[in-house]
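Novice:
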Amino acid sequence: MTVVATLQPAQSAPRAHPTSALAALVLRDVSKIFASRPLLRMPWRAQTAAKTVVAVDDVSLTVRRGEIFGVLGANGSGKSTLIRVVSTLLLPDRGTVEVFGLDVIRDELGVKRLINRVSVDAAFFKKLSPMENLLYAGRLYGFGARDTHRKGLEILDRLSITRKVALEPMEHMSRGMQQKVAIARALLTSPVLLLLDEPTTGLDPRSKKDVQRMILGMREEHDATVVLTTHDMDEADQLCDRLALLDRGRVVALDTPTQLKQAGGSLEDVFMRLTTEDPETAD
Amino acid sequence: MIQATHRDLNIAYAFFERNWNLTRRYIGWEVVWLVYSLVNALTILFIAAATERITGQAVDTRFFVLYLLIGTTMWSYLSAVFDVVAETISWERWEGTIEYTLMAPVPRWLHLIGTCCYAVTYSVVRATLIFAAVALMFNVDLGHANVLTVAAVVGVGSISVIGLAIVAAVLPLLFTERGAQMTFVIHSGLLLISGVYAPIDVLPVWLRVLSPLSPLTYTLRAVRAGLLDGAPPDAVFGDLVMLALMGIFLVPAGLLVFRKAERFARRTGRLKRSG
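Protein chains in written order, with our numbering: chain A, 1 to 283; chain B, 1 to 275.
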């Protein structure tokens with residue numbers, strides 16, 4: 001098992017809400033609707049009806065503390081929107097979201113201290129080196145330069161990123177390497193809820209295995225809860241304790257991988273059976 | 001209390017350090033823009049130096065060169081402050097880091113303090129380099145200058161420009177692609193209406209009415225009084241008061257508008273990468 005060093009947590013999971021004693025994440029009747037309406041309407045342009053997309057539709061689910069919870073769904077099924085809502089980047093139009101008992105709207109700053117997110121596109125200042133990006137991340141979460149530098153090198157070392165590479169601009173790195181640095185950045189801040197939005201998409205098998213080992217390591221070494229979206233059915237099967245299947249923003253199935261497969265066939269068969277072919281673009 | 005202050009300073013410094021690292025990494029472009037600004041300043045000053053020859057009339061060339069040098073240096077400084085602050089969101093959109101930065105547990109005022117401190121430091125260094133290079137080529141006499149007046153005006157003027165820039169930084173939050181273009185239009189408008197190279201009296205009336213809205217108008221007028229005439233601080237008291245009032249209004253208003261715009265962007269899904 002990969003042991004991943006992180007900075008001393010700036011926070012520990014707070015006392016859970018009485019109604020969700022073991023819950024890391026509780027979504028109640030959450031909906032998110034996008035309307036493509038321009039902010040400024042030019043008078044000479046013909047008025048067109050606003051197109052609305054229901055990206056997340058009345059989703060209710062609970063993720064238990066210490067769980068690795070998978071979210072599956074076709075492109076545009078609302079997975080990334082759901083992750084963005086939990087990570088405070090989007091406000092839900094209806095319903096409530098609680099992270100360890102803290103409401104994402106009322107206790108926004110408190111929630112932000114508990115979470116971190118890795119998205120499918122490694123969002124970095126590409127001209128900066130991995131270490132400079134980690135230093136920036138460390139300071140944002142309140143850690144000093146010396147600690148961040150030491151721990152950052154330690155984590156990068158475990159991810160087979162050499163010190164030389166750690167000091168060169170990230171634009172010279174492969175996508176797989178960049179994704180490893182994204183994971184390292186998330187680990188550095190010791191989140192108690194880690195949101196992973198297709199973290200292994202586009203990675204070669206070895207890098208994929210490395211990232212998967214790190215996800216398990218985060219749970220086992222640091223008691224982190226993980227929400228993972230993925231298109232990789234094997235990955236979901238191997239890593240996740242439970243899975244939610246999204247279709248057009250709605251949860252159409254929620255169970256353990258074993259239970260989901262009991263109806264017959266593989267997870268891929270379940271996916272094909274329960275999801276529609278061409279969902280509206282929402283992600 | 002001390003621990004909290006240290007933590008806040010550390011967070012604000014994240015933006016200063018990040019911007020410094022970006023400047024180092026983009027050093028080639030920094031040199032290019034510095035040379036461009038320098039050449040621009042020199043071109044304008046050569047026009048002043050040649051005015052007597054072009055018009056055939058007697059002109060106080062040394063005064064004219066100094067008048068334009070103040071304009072070009074102050075514009076270099078204030079426009080850089082404005083750009084760094086106003087582009088804080090656009091830059092993150094281009095880099096694709098906007099979601100990561102806005103997801104971090106950072107109060108927005110600390111984010112903006114860090115950015116503003118860097119903007120002032122960067123702009124002071126840049127404007128000083130341009131001024132020093134130009135001063136080497138032209139025989140600039142600042143013997144009459146009142147340094148105290150200039151320092152007071154630049155200090156208070158910077159705060160009001162920062163306030164305006166924070167308001168402008170909201171545009172890229174609201175308009176994912178056009179926001180940066182709108183910010184640039186404001187930048188250009190400031191150059192036109194603020195009396196950077198010519199007194200605002202020469203502007204057509206419909207443009208002149210906009211001049212009092214720009215903090216640069218008061219800053220440039222008061223700095224010229226301090227450098228050209230050696231005016232003491234009390235002689236530019238009116239301009240200092242206007243700049244202070246603008247700063248007092250614009251900085252909190254900018255923070256408030258920024259917070260509202262960020263909430264709007266979170267509601268409508270406008271925090272995505274663009275460019």
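In this text, a Cβ means the ideal position worked out from N, Cα and C, and glycines have one as well.
Quick check: V349 (chain A) and V97 (chain A), are their CB atoms within less than 8 Å of each other?
Specialist: This structure leaves residue 349 (chain A) out entirely; chain A is present only between 1 and 283.
Novice: Confirm, please, whether the CB-CB distance from M103 (chain B) to T88 (chain A) is below 8 Å.
Specialist: Walking along the first sequence from the start, residue 88 (chain A) turns up at place 88. Walking along the second sequence from the start, residue 103 (chain B) turns up at place 103. Against a cut-off of 8 Å, the Cβ pair of M103 (chain B) and T88 (chain A) comes out as a contact.
Novice: Please identify the residue among B:V84, B:Y77, B:T43 whose C-alpha is closest to the C-alpha of V65 (chain B).
Specialist: Counting from 1 along the second sequence, the entry for residue 65 (chain B) is found at position 65. Considering only alpha carbons, the answer is B:T43.
Novice: Using the beta-carbon of each residue, which ones in chain A are nearer than 7 Å to P105 (chain B)?
Specialist: Here residue 105 (chain B) is taken as the residue at index 105 of the second sequence, counted from 1. The answer, in chain order, is L109, K112, R113, Y141.
Novice: With a threshold of 8 Å, are at least 3 pairs of Cβ atoms found where one atom belongs to the stretch 137-148 of chain A and the other to the stretch 166-180 of chain A?
Specialist: No, the stretch 137-148 of chain A is not in contact with the stretch 166-180 of chain A.
Novice: With V227 (chain A) as the anchor, note down where its alpha helix (DSSP H) starts and where it stops.
Specialist: The sequence position of residue 227 (chain A) within the first sequence is 227, counting from 1. Element bounds for V227 (chain A): not the alpha helix (DSSP H) but the beta strand (DSSP E), 225-229.
Novice: Give me the Cα-Cα distance between Q212 (chain A) and V84 (chain B), rounded to the nearest whole angstrom.
Specialist: By one-based count along the first sequence, residue 212 (chain A) stands at place 212. By one-based count along the second sequence, residue 84 (chain B) stands at place 84. Rounded to the nearest angstrom, the two C-alpha atoms are 40 Å apart.
Novice: Are the stretch 213-229 of chain B and the stretch 134-141 of chain B touching by the rule of at least three beta carbon pairs closer than 8 Å?
Specialist: Counting Cβ pairs under 8 Å, fewer than three are found: no touch.
Novice: Ignoring anything shorter than 4 residues or poking outside the stretch 137-180 of chain B, list the alpha helix (DSSP H) runs there in chain order.
Specialist: The stretch 137-180 of chain B contains these whole alpha helix (DSSP H) runs: 147-174.
Novice: Would A48 (chain B) and T61 (chain B) be called neighbours here (beta carbons separated by less than 8 Å)?
Specialist: Taking the second sequence and counting its residues from 1, the one referred to as residue 48 (chain B) is at position 48. Taking the second sequence and counting its residues from 1, the one referred to as residue 61 (chain B) is at position 61. Yes; because the gap between Cβ atoms is below 8 Å, this pair is in contact.
Novice: Curious, which full-length alpha helix (DSSP H) runs of at least 4 residues does the stretch 227-274 of chain A contain?
Specialist: Within the stretch 227-274 of chain A, the complete alpha helix (DSSP H) runs of at least 4 residues are 233-239, 257-262, 267-274.
Novice: Would you check whether the ligand SAM has a heavy atom nearer than 7 Å to the C-beta of E262 (chain B)?
Specialist: This structure does not include the ligand SAM; it has no bound ligands of any sort.
Novice: Apply the 10 Å Cβ neighbour rule to S188 (chain B) and answer buried if 16 or more other Cβ atoms are within range, or exposed otherwise.
Specialist: Residue 188 (chain B) sits at position 188 when you count from the first residue of the second sequence. Answer is exposed; the Cβ neighbour count stays below 16.
Novice: F100 (chain A) touches chain B at which residues, Cβ-Cβ below 7 Å?
Specialist: Sequence index remark: in the first sequence, residue 100 (chain A) carries index 100 (1-based). Per Cβ cutoff of 7 Å: no residues; F100 (chain A) is ~14 Å from chain B at best.
Novice: With R64 (chain A) and A24 (chain A) assumed to form a contact (beta carbons below 8 Å), what rounded beta-carbon distance in angstroms separates them?
Specialist: Counting from 1 along the first sequence, the entry for residue 64 (chain A) is found at position 64. Counting from 1 along the first sequence, the entry for residue 24 (chain A) is found at position 24. That pair is a contact at about 6 Å.
Novice: I need the straight-line Cα distance from V236 (chain B) to R163 (chain A), nearest angstrom please.
Specialist: Here residue 236 (chain B) refers to the residue found at position 236 of the second sequence. Here residue 163 (chain A) refers to the residue found at position 163 of the first sequence. Their backbone Cα atoms lie some 56 Å apart in a straight line.
Novice: Can you list, in chain order, the residues of its chain with a C-beta nearer than 6 Å to that of S303 (chain B)? Leave out the 5 residues immediately preceding and following it.
Specialist: The structure shown does not extend to residue 303 (chain B), since chain B spans only 1 to 275, so no value can be given for it.
Novice: Please confirm whether T23 (chain B) and Y100 (chain B) have their CB atoms less than 8 Å apart.
Specialist: Residue mapping note: residue 23 (chain B) aligns to position 23 of the second sequence, counting from 1. Residue mapping note: residue 100 (chain B) aligns to position 100 of the second sequence, counting from 1. Taking 8 Å as the Cβ cut-off, T23 (chain B) and Y100 (chain B) do not qualify as a contacting pair.
Novice: Beta carbon of I215 (chain A), beta carbon of I68 (chain A): below 8 Å?
Specialist: By 1-based counting over the first sequence, the position of residue 215 (chain A) is 215. By 1-based counting over the first sequence, the position of residue 68 (chain A) is 68. Their beta carbons are under 8 Å apart, which means I215 (chain A) touches I68 (chain A) by this criterion.
Novice: Using a Cβ cut-off of 7 Å, pull out every chain B residue sitting near R117 (chain A), in sequence order please.
Specialist: For the purposes of this step, residue 117 (chain A) is taken as the residue at position 117 of the first sequence. Ordered by position in chain B, the residues that pass the 7 Å Cβ test against R117 (chain A) are M103.
Novice: Name the chain B residues whose beta carbon is nearer than 8 Å to that of K127 (chain A)?
Specialist: To locate residue 127 (chain A), count along the first sequence from 1; it is residue 127. L22, R25, Y26, listed in chain order.
Novice: So, helix, strand or coil for D93 (chain A), using DSSP?
Specialist: The residue given as residue 93 (chain A) occupies position 93 in the first sequence. Residue state, collapsed to three classes: coil.
Novice: Against chain B, which members of the stretch 153-182 of chain A pass a CB distance test of less than 7 Å?
Specialist: For the stretch 153-182 of chain A, which is checked against every Cβ of chain B, the residues closer than 7 Å are P169.
Novice: Pull up the distance between the alpha-carbon of P257 (chain A) and that of A86 (chain B), whole angstroms please.
Specialist: As a position in the first sequence, residue 257 (chain A) is number 257, starting the count at 1. As a position in the second sequence, residue 86 (chain B) is number 86, starting the count at 1. Cα to Cα, P257 (chain A) sits roughly 49 Å from A86 (chain B).
Novice: Taking one C-beta from the stretch 5-23 of chain B and one from the stretch 110-125 of chain B each time, how about it: are there three or more such pairs within less than 8 Å?
Specialist: Yes, the stretch 5-23 of chain B touches the stretch 110-125 of chain B.
Novice: How would you call P252 (chain B), buried or exposed, if buried means at least 16 neighbouring beta carbons within 10 angstroms?
Specialist: To locate residue 252 (chain B), count along the second sequence from 1; it is residue 252. Exposed, by the Cβ-count rule.
Novice: Can you list, in chain order, the residues of the stretch 225-237 of chain A whose Cβ is nearer than 8 Å to any Cβ on chain B?
Specialist: Correct list: empty, as no residue qualifies.
Novice: Would you mind sorting F15 (chain B) into buried or exposed? The rule is 16 or more other CB atoms within 10 Å of its CB.
Specialist: For this step, residue 15 (chain B) is matched to residue 15 along the second sequence. Counting Cβ neighbours within 10 Å, F15 (chain B) comes out buried, since at least 16 surround it.
Novice: On the DSSP bridge list, what partners appear for I31 (chain A)?
Specialist: Taking the first sequence and counting its residues from 1, the one referred to as residue 31 (chain A) is at position 31. It is worth fixing the name first, because residue 31 (chain A) is Ser in this sequence and not Ile. The partner list for S31 (chain A) (beta bridge, DSSP) reads A:R94.
Novice: With a threshold of 16 other CB atoms inside 10 Å of the CB of K260 (chain B), please say whether the residue is buried or exposed.
Specialist: If you number the second sequence from 1, residue 260 (chain B) lands on position 260. The residue in question, K260 (chain B), is exposed, as its Cβ has fewer than 16 Cβ neighbours within 10 Å.
Novice: Please report whether the beta-carbon of A263 (chain A) lies at a distance below 8 Å from any beta-carbon of chain B.
Specialist: Along the first sequence, one-based indexing puts residue 263 (chain A) at 263. Answer no: the Cβ-Cβ gap between A263 (chain A) and chain B never drops below 8 Å.
Novice: Taking Cβ positions only, does A14 (chain B) come closer than 8 Å to chain A?
Specialist: To locate residue 14 (chain B), count along the second sequence from 1; it is residue 14. Yes, contact with chain A.
Novice: Evaluate contact between the stretch 28-37 of chain A and the stretch 232-243 of chain A, counting only Cβ atoms and requiring at least three cross-stretch pairs below 8 Å.
Specialist: These segments do not touch.
Novice: Along the chain, where does the alpha helix (DSSP H) containing N40 (chain B) start, and where does it finish?
Specialist: Numbered from 1 along the second sequence, position 40 holds the residue referred to as residue 40 (chain B). That run of the alpha helix (DSSP H) goes 27-55.
Novice: In chain order, what residues of the same chain lie with their CB nearer than 8 Å to the CB of V124 (chain B), ignoring the 5 residues before and after it?
Specialist: As a position in the second sequence, residue 124 (chain B) is number 124, starting the count at 1. Within the same chain, V124 (chain B) has close Cβ partners Y77.
Novice: Less than 8 Å between CB atoms is the rule here; does Y100 (chain B) satisfy it with respect to chain A?
Specialist: Start at 1 with the first residue of the second sequence, and residue 100 (chain B) comes out as number 100. Output row for Y100 (chain B): interface = yes.
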